[in-house]
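Colleague: If you're matching positions, the sequence shown starts at 897 in the numbering used here and goes up one per residue. Cβ coordinates follow ideal geometry from the N, Cα and C atoms, glycine included. Since this is a predicted model, take the numbers as computed values, not measurements.
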Amino acid sequence: MEEKTFNIFGMKCAHCKASVEETLRNIEGVSNAYADLNKKTVTIVYDSQKVSTSQLKQAVANCGNFELETD
Numbered sequence: 897m898e899e900k901t902f903n904i905f906g907m908k909c910a911h912c913k914a915s916v917e918e919t920l921r922n923i924e925g926v927s928n929a930y931a932d933l934n935k936k937t938v939t940i941v942y943d944s945q946k947v948s949t950s951q952l953k954q955a956v957a958n959c960g961n962f963e964l965e966t967d
């Protein structure tokens, strides 16, 4: 398992935070995700053999007007 913190753009409220966390946690290979509204980051614990950062980025974009910075 790998733990990485990514910048995330577009989160403005607790509902946004919850949507991002739930979306990420429902991806196979992700064991946990915690978004921080104040820091505009999300920390994701995931298996890089099962899910790529591009898949994480796409899932976040699909759940709302959010952008995960993976580069």
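When you compare each of Leu920, Asp943, Asn922 and Cys909 to Lys935 by their alpha carbons, which one comes out closest?
Modeller: The shortest Cα separation from Lys935 among Leu920, Asp943, Asn922 and Cys909 belongs to Cys909.
Colleague: Could you give the DSSP three-state label for Asn903: helix, strand or coil?
Modeller: Note: Asn903 maps to strand in three-state DSSP.
Colleague: With a Cβ-Cβ cutoff of 9 Å, do Ile940 and Phe902 count as a contact?
Modeller: In this structure, Phe902 lies closer than 9 Å to Ile940 by Cβ.
Colleague: Compute the distance between the beta-carbons of Met907 and Tyr942, then report whether it is under 9 Å.
Modeller: It is not a contact, given that the beta carbons lie outside the stated cut-off.
Colleague: Out of Ser950, Ala955 and Gly960, point me to the one whose CA is closest to Thr966's CA.
Modeller: Nearest C-alpha to Thr966: Ser950.
Colleague: Any idea what DSSP makes of Val956, helix, strand or coil?
Modeller: Val956 falls in the helix class under three-state DSSP.
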